[in-house]
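The block underneath contains the structure these notes are about, expressed in structure tokens.
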Amino acid sequence: MNESAKSLTQLQKLSCFTDITQIEAITTGLSQPSYRVCADDKDYFAKYVGQQYLSDEVAISQISADANLSPSIIYCDKHWLISDYIDGQDLGHTRLAIADKIACALKLMTRFHQLAVSCETLDITTIYNGLIKAQANSYSSAQLATFQQLMAIIKSHTDINSELVSCHGDLNFNNILIDKASRSWLIDFECSCKAPAEFDIAMLIAVNELPVEQIAAISTQYQEQNPPAKLNQQVIHYFLLFSYLINGLWYENKRHTEQAYQQKFAALAKRQWQQLQRLLITMELALDSSIFTG
Numbered sequence: 001m002n003e004s005a006k007s008l009t010q011l012q013k014l015s016c017f018t019d020i021t022q023i024e025a026i027t028t029g030l031s032q033p034s035y036r037v038c039a040d041d042k043d044y045f046a047k048y049v050g051q052q053y054l055s056d057e058v059a060i061s062q063i064s065a066d067a068n069l070s071p072s073i074i075y076c077d078k079h080w081l082i083s084d085y086i087d088g089q090d091l092g093h094t095r096l097a098i099a100d101k102i103a104c105a106l107k108l109m110t111r112f113h114q115l116a117v118s119c120e121t122l123d124i125t126t127i128y129n130g131l132i133k134a135q136a137n138s139y140s141s142a143q144l145a146t147f148q149q150l151m152a153i154i155k156s157h158t159d160i161n162s163e164l165v166s167c168h169g170d171l172n173f174n175n176i177l178i179d180k181a182s183r184s185w186l187i188d189f190e191c192s193c194k195a196p197a198e199f200d201i202a203m204l205i206a207v208n209e210l211p212v213e214q215i216a217a218i219s220t221q222y223q224e225q226n227p228p229a230k231l232n233q234q235v236i237h238y239f240l241l242f243s244y245l246i247n248g249l250w251y252e253n254k255r256h257t258e259q260a261y262q263q264k265f266a267a268l269a270k271r272q273w274q275q276l277q278r279l280l281i282t283m284e285l286a287l288d289s290s291i292f293t294g
């Protein structure tokens, strides 16, 4: 029995459901297995999560739900998180103009940043090491050396005495749901961490492939919604380098492990590498940027 079949069998046996009439896989996300479950005359969202991530995600999801930012939690155990199902579509697939999508994401981001969430502090070295370890043999010695040089540069410019906030960590437009009443909901807190607000803004730009030229405008919008915040645009640029790097590595890892979506992840990785190369050139950093797209 493969992992997908095993998770479905577990899902069908959860005590929170009495009569399951339908289970439908949700394939728009790119992380953990997720399903729409029709049971007991109601629809639910079911997410399978590795045990090492679940305790934080459940607590964060509950705090976010209490703040009316996220769907209510119905049930959780060591592998499953069950919440109300939001009938609508993710922000990325709506027909909203890109400016409206950014405004929606920033509104949720600023509200989430003000929550008292207990989660790990961002450790860029640990994140990088975990990603590179998974597929180290896939990279040349020259690539690995350049990665290390880049990480040293990023770390030296992001180790700042800045206020840490509750960052979502993966504000992909796909992680924002828009219901039938046009209300927005924030989901998926696997990457949540304590970090400078600049990190969340950088990841928003990277993961949604927004133009780097929008950093100033996005920063201004963020500060208008959160006046006490003082953003450092240079720090955003260095966190953006980090975001492109870890996104590229994550997509490359998924390309090797998710054969059914190999082409999709390869294309996503390529675009992150291209953006990283462009930013390195723009910032005039002394690195061989061709190593990322060669």
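Taking UniProt numbering, I'd label the letters of the sequence shown as residues 1 to 294.
Beta carbons are placed, not taken as given, at the ideal position from N, Cα and C, and that holds for glycine.
Beta carbon of residue i nearer than 8 angstroms to that of residue j
i	j	result
Phe265	Leu276	no
Leu150	Leu8	no
residue 309	Ile176	Beyond the ends of the chain as shown, which are 1 and 294, falls residue 309; an answer cannot be given.
Glu209	Arg111	no
residue 323	Ile60	Residue 323 is absent from the structure shown; the chain starts at 1 and stops at 294.
Leu122	Lys194	yes
Val49	Leu81	yes
Ile205	Leu240	yes
Val207	Asn253	no
Ile74	Cys38	no
Val235	Thr158	yes
Val117	Ser70	no
Ile178	Leu91	yes
Asp56	Ser192	yes
Nearest candidate by alpha-carbon position, reference residue i, set the options
i	options	result
Met203	Leu186, Tyr238 and Asn226	Tyr238
Thr18	Cys193, Ala59, Asp90 and Tyr44	Tyr44
Lys42	Phe147, Ala25 and Asp84	Asp84
Leu280	Ser70, Val37 and Val212	Val212
residue 326	Leu106, Pro33, Ala136 and Ile23	Outside the shown range of the chain, which is 1 to 294, sits residue 326, and nothing can be said about it.
His168	Ile178, Leu186 and Ala181	Leu186
Asp87	Ala136, Ile26 and Leu210	Ile26
Ser184	Gln274, Leu240, Gln89 and Gln263	Gln89
Gln114	Ser64, Tyr139 and Ile215	Ser64
Asn172	Gln223, Ile201 and Ile153	Ile201
His79	Ile160, Asp100 and Lys47	Lys47
Glu163	Ser138, Asn129 and Glu198	Glu198
Lys6	Pro33, Gln22 and Ile20	Pro33
Asp170	Phe147, Glu190 and Ala181	Glu190
Opening and closing residue of the beta strand (DSSP E) in which residue i lies
i	result
Gln22	Ile20 to Ala25
Leu186	Ser184 to Leu186
Leu177	Ile176 to Asp179
Gln89	Gly88 to Asp90
Outcome for residue i when other beta-carbon atoms lying within 10 angstroms are tallied against a minimum of 16
i	result
Arg95	exposed
Glu284	exposed
Thr257	exposed
Leu144	exposed
Pro228	exposed
Thr126	exposed
Gln221	buried
Met1	For Met1, the predicted model reports a pLDDT of 49, less than 50, meaning its position is unreliable; a value from the coordinates is still stated below. It counts as exposed.
Lys13	exposed
Asn174	buried
Ala269	buried
Ile160	exposed
Asp66	exposed
Ser290	exposed
Ser138	exposed
Asp188	buried
DSSP bridge partner residues for residue i (one or two, in chain order)
i	result
Ser34	Lys47
residue 307	This structure does not reach residue 307, given that the chain is present from 1 up to 294, and the question cannot be answered.
Ser166	Lys194
Lys42	Ala39
Thr121	Lys194
N- and C-terminal bounds of the alpha helix (DSSP H) containing residue i
i	result
Gly248	Gln233 to Thr257
Lys270	Gln262 to Met283
Leu144	Ser141 to Thr158
Tyr85	Premise fails: Tyr85 is in no alpha helix (DSSP H) and is neither H nor E.
Ser219	Ile215 to Gln225
Thr126	Ile124 to Ala134
Lys107	Ile98 to His113
Minimum Cβ-Cβ distance from residue i to chain B less than 8 angstroms
i	result
Cys38	Looking for chain B here will not work: only one protein chain is present.
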